[in-house]
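Numbering-wise, the sequence shown is residues 1 to 925 according to the UniProt record's numbering. Positions of the beta carbon are idealized from the N, C-alpha and C atoms, including for glycine. Please read the structure below before turning to the comments.
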Amino acid sequence: MLMAGAPEGLRQKLGLTKPDDFNYLKSGCTRYFTSVSSEKKLSAGQKSADHSSKGPLKDILLDDIEDLSALDQALSRLGISDNERLQIYTTVAAVLHLGNIAFEDNPEDTRGGCRVATSKEKSLIMASRLLAIDPSELRQALVARVMQSSRGGLKGTVIMVPLKIYEANNARDALAKAIYSNLFDYIVNRINQSIPFQASSYYIGVLDIAGFEFFTVNSFEQFCINYCNEKLQQFFNDRILKYEQELYKREDVIEAKNKGILTLLDEESKLPKPSYTHFTEEVHKAFPKEYRLGLPRSSKLKAHRGLRDDEGFLIRHFAGAVCYQTKHFIDKNNDALHASLEGIVQDSSNQLIKTLFATSVAQKSVGSKFKSQLGELMEKLKNNGTNFIRCVKPNSKMIDSQFEGGLSLMQLKCSGMTSVLELMEHGFPSRTPFAELHNMYKDYLPKELKALSPKTFCEAMFHSLNLHDKDFKFGVTRVFFRPGKFAEFDKIMRSDPENLQAIVARVKKWLVKSRWIKAQFCALTVIKMKNKIAYRKKALITVQKSVRGYLVKKRHAPRIKALKNIKQLNGNLQKIEASASQLKKDKDATTNEINKLKNQFSAAIDTIKKDEKIGKGAESLYTELVAKVNQQMALLQKKLQDQKNADEQERLKKVQEELERQRKVKEEEERKLKEEEENRKKKAEMEARRKVEEEERKRQEEADRKLALELQVQHEKLEQEERRYQEQLEQERQDRELALRLAQESNGQLEESPPMIRKSEAVKNQQANLAKSKYDLSKWKYSELRDTINTSCDIELLEACRHEFHRRLKVYHAWKAKNRKRTTMDENERAPRSVMESAARTPRLPQKAVLDHNSQRYFRIPFQRPGGDQMKRGWWYAHFDGQYVARQMELHPDKTPILLVAGKDDMQMCELSLEETGLTRKAWC
């Protein structure tokens with residue numbers, strides 16, 4: 001209305017353009033109500049896109065442009081000055097500009113705060129100007145809140161807490177709602193002040209509420225609206241349906257639970273870290289068997305069945321089931337204005353804003369305020385007379401003179417009207433007091449019928465007209481009619497005089513008949529009274545007889561009871577006597593005691609029978625006898641128990657002796673079987689050991705024989721080579737002597753021939769080893785050697801491949817070492833320097849034969865980084881599988897540990913064999 005009807009100057013001053021430019025307006029209907037003439041007054045800058053495309057809304061009573069002028073005049077007549085009206089319009093515009101303020105993450109805030117978006121600075125400045133407050137203070141109050149601790153100085157420590165984006169949005173909306181709500185209350189108060197009455201005894205209040213709401217997504221707003229409708233529907237049912245029941249009950253014709261989800265919501269909001277899932281779980285936990293409250297998956301809509309149990313709940317209202325999503329319940333319930341925003345608004349230079357926030361806003365949740373206000377409304381409705389006007393929406397297109405039957409019927413069902421109509425149909429909707437009915441028709445009747453009392457007149461009329469008993473009911477003060485029956489009765493009463501005379505005759509006949517029936521009833525009543533007196537006389541005699549018998553029984557009851565108890569006790573004595581017969585010793589003494597008890601029983605019975613005045617003495621005699629019987633019974637049971645224990649001990653002793661004898665026999669048998677088994681095992685072990693030793697001896701003899709043959713062949717070969725060598729030497733010596741002799745004879749010179757070179761022992765050993773080797777691996781590739789080491793089951797081939805593989809590694813690392821500078825332990829070091837130097841000093845001895853190829857050895861060696869901290873050292877771990885490293889790990893100071901595995905990291909691992917490292921000759925930890 002303000003955007004449509006305000007003058008151009010006022011709109012520019014307030015910064016108002018069109019509804020699409022404001023967040024609080026663009027989500028709803030943005031079209032104006034205008035007439036043909038007022039539509040021409042709108043400029044293009046005032047129209048929304050929806051208004052421009054679809055045109056204005058039409059209503060004979062509404063016109064946004066003209067209504068603003070009417071509103072302004074009405075406020076003026078209420079005594080609101082021009083300046084105050086301008087401040088009201090300014091406040092409304094400020095609320096719209098507040099809604100346009102947006103926020104973004106602040107990258108400079110390390111605590112996750114936010115700041116006003118750069119693109120929305122204009123909205124912030126405009127809202128601050130209209131509210132007459134400082135823009136920087138408003139900006140600070142929107143993105144942070146001030147908290148005061150209870151400690152630290154006189155009034156505590158003030159802490160500035162930055163707000164997240166969603167918290168800042170909630171604070172902005174809370175400020176806008178507080179301003180708008182206080183403005184509404186202010187206008188209402190000014191209207192009340194303008195009324196020229198201090199108080200009123202009677203007033204008429206009109207309550208207009210929104211209807212039942214049900215959408216695909218239902219949140220806190222729909223919950224509050226439907227809660228209000230539920231309470232008003234309950235009030236409607238109480239006033240209409242319950243009033244009918246109370247009327248029927250009062251006239252002698254015929255003869256509710258409250259639990260709070262809002263309370264749970266407030267409790268959840270007070271927690272340090274409230275969670276909507278926890279709140280939903282508490283709601284379901286508080287009402288586990290409540291039919292009206294269910295889980296989202298019980299909804300008939302597919303969109304609601306996809307919700308988890310902790311994301312919403314379903315309430316079955318009087319109008320239908322609604323599924324509420326609780327994700328924003330806590331945020332919307334905590335709609336409180338924090339102290340920072342309230343403080344800057346109270347410091348505004350705008351007098352109206354100061355008036356609106358003159359008193360501090362109570363920190364109360366939306367749910368609590370809504371509940372308390374609704375409670376006050378219901379109390380007012382209950383304390384006043386109420387009339388109901390049910391408004392039915394005829395169609396969904398908002399077109400006049402068009403009705404949709406299904407839509408109208410659904411609204412009537414949701415509002416409970418169908419239940420009221422059904423009650424009226426099955427009940428007695430027409431009701432008239434006897435006196436009014438008598439006054440209505442007495443002019444049509446003769447004098448003798450006019451003199452009748454109103455109730456008798458009505459009874460006579462209805463019974464004489466032959467109306468069905470189901471069509472009417474007589475109450476205490478009035479008569480009730482079924483639907484349409486009162487009109488039928490009225491038609492009969494207002495008929496022509498001839499018919500009326502017949503009715504009067506029937507009435508007189510019914511009166512005579514009624515009086516005769518009453519006389520008969522009186523005679524029957526007298527006869528019944530006579531019979532009742534005779535019955536009461538007979539009953540009186542019976543009562544006297546019963547009382548006398550009771551008195552006699554009461555006087556002799558203790559004696560009779562004592563005798564009866566003693567006879568019952570005599571049965572216990574017989575049981576004692578039967579038990580005594582089972583004793584093996586002291587049987588005679590026990591029998592004498594039992595006979596004494598029998599004599600005492602007889603004496604007590606004689607005493608009670610002879611002495612009529614014994615009274616309570618009989619009870620004492622019985623008590624003494626009970627004590628003696630119990631004592632004798634306890635003594636006898638003790639003797640029987642001792643006898644039983646002795647017999648049991650004797651039996652157990654015999655059983656134990658028999659078990660001990662059987663145990664010894666069994667142990668002897670087991671010992672013999674064990675000895676036989678051990679002898680058999682020893683014989684088998686000796687035989688097996690003999691066979692193994694025999695096989696080992698044969699194997700050793702065969703190996704010695706083969707070794708002797710090999711040594712003999714080798715010795716013969718060496719002797720043959722030595723002999724051949726000596727023969728060559730002898731031949732050379734003879735040739736030289738012959739050459740010398742010839743040279744002397746010919747006076748020539750002898751040229752010395754080079755001496756014969758003999759192979760060294762090391763070369764011969766190496767050639768012998770090569771000759772013995774079964775495999776030539778010099779042409780194998782690295783991958784073939786590695787695969788054979790990982791997969792081969794041939795021990796000799798496996799060892800040959802490992803020797804060849806590590807030989808190549810040594811050659812590679814020796815070449816690599818010549819081309820770079822050595823350090824203490826650089827990044828590419830394969831083993832600590834101490835290990836490498838020890839291997840260099842160790843003489844290259846022939847590789848020993850490895851007897852156990854599965855031997856596992858583990859070593860840990862310290863090392864130090866060059867140029868590093870002398871207090872920090874690393875560790876080198878090596879796992880030798882046989883002669884070569886299978887795994888090694890390096891723990892460097894201040895670095896991530898390095899694990900190397902053979903077959904994957906061979907180029908970075910130590911290539912030396914266990915013998916070459918010399919680790920087995922040192923005491924490494």
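Taking the Cβ atom as the reference point for each residue, do residue i and residue j lie within a distance shorter than 7 Å?
{"i": "V629", "j": "N570", "result": "no"}
{"i": "K327", "j": "Y291", "result": "no"}
{"i": "R31", "j": "D50", "result": "yes"}
{"i": "P433", "j": "R482", "result": "no"}
{"i": "D266", "j": "S365", "result": "yes"}
{"i": "L445", "j": "C458", "result": "no"}
{"i": "F863", "j": "P893", "result": "no"}
{"i": "L124", "j": "A176", "result": "no"}
{"i": "N106", "j": "N23", "result": "no"}
{"i": "L130", "j": "A94", "result": "yes"}
{"i": "L295", "j": "D309", "result": "yes"}
{"i": "L337", "j": "A178", "result": "yes"}
{"i": "G367", "j": "N334", "result": "no"}
{"i": "S340", "j": "R145", "result": "yes"}
Classify residue i: buried if its beta carbon has 16 or more other beta carbons within 10 angstroms, exposed otherwise.
{"i": "D586", "result": "exposed"}
{"i": "N218", "result": "buried"}
{"i": "Q728", "result": "exposed"}
{"i": "Y884", "result": "buried"}
{"i": "V322", "result": "buried"}
{"i": "A171", "result": "buried"}
{"i": "E890", "result": "buried"}
{"i": "R802", "result": "buried"}
{"i": "I795", "result": "exposed"}
{"i": "N599", "result": "exposed"}
{"i": "Q325", "result": "buried"}
{"i": "L96", "result": "buried"}
{"i": "W876", "result": "buried"}
Once DSSP output is grouped into helix, strand and coil, what is the label at residue i?
{"i": "Y32", "result": "coil"}
{"i": "F388", "result": "coil"}
{"i": "T359", "result": "coil"}
{"i": "W780", "result": "coil"}
{"i": "G405", "result": "helix"}
{"i": "D63", "result": "coil"}
{"i": "Y858", "result": "strand"}
{"i": "E911", "result": "coil"}
{"i": "T432", "result": "strand"}
{"i": "V479", "result": "strand"}
{"i": "G287", "result": "Before going further, note that residue 287 is Phe rather than Gly in the sequence given. Three-state DSSP puts F287 in coil, outside helix and strand."}
{"i": "M147", "result": "strand"}
{"i": "G320", "result": "coil"}
{"i": "R873", "result": "coil"}
{"i": "G113", "result": "coil"}
{"i": "K473", "result": "strand"}
{"i": "E422", "result": "helix"}
{"i": "P296", "result": "helix"}
{"i": "G5", "result": "helix"}
{"i": "E890", "result": "strand"}
What I want to know is whether the C-beta of residue i ends up closer than 6 Å to one or more non-hydrogen atoms of the ligand HEM.
{"i": "C391", "result": "Absent from the structure shown: the ligand HEM. Ligands present: none."}
Between residue i and residue j, how many whole angstroms is the CB-CB distance? I'm expecting something under 8 Å.
{"i": "F329", "j": "F287", "result": "At roughly 16 Å, the Cβ-Cβ gap does not stay under 8 Å, so F329 and F287 are not in contact."}
{"i": "residue 932", "j": "L352", "result": "The question about residue 932 has no answer, for the chain in this structure spans 1 to 925."}
{"i": "D347", "j": "I133", "result": "7 Å"}
{"i": "K584", "j": "Q643", "result": "6 Å"}
{"i": "E104", "j": "C114", "result": "6 Å"}
So, does the region 160-167 touch the region 179-194, judging by three or more C-beta pairs under 8 Å? No, the region 160-167 does not touch the region 179-194.
Pairing CB atoms from the region 2-14 with CB atoms from the region 55-73, are three or more of them under 8 Å? Counting Cβ pairs under 8 Å, three or more are found: they touch.
Three or more C-beta pairs closer than 8 Å, one from the region 407-414 and one from the region 381-395: is that the case here? Three or more pairs of CB atoms, one per stretch, sit closer than 8 Å, so the region 407-414 contacts the region 381-395.
Would the region 646-659 and the region 612-620 be scored as touching if the rule is three or more Cβ pairs under 8 Å? Segments in contact, no.
So does the region 901-915 actually touch the region 873-888, counting three or more Cβ pairs closer than 8 Å? Yes, the region 901-915 is in contact with the region 873-888.
On the three-pair Cβ rule with 8 Å, is the region 8-21 touching the region 38-58? With the cut-off at 8 Å, the region 8-21 and the region 38-58 touch.
I want to know whether the region 803-817 touches the region 774-790 - three or more CB-CB distances under 8 Å. Touching, yes.
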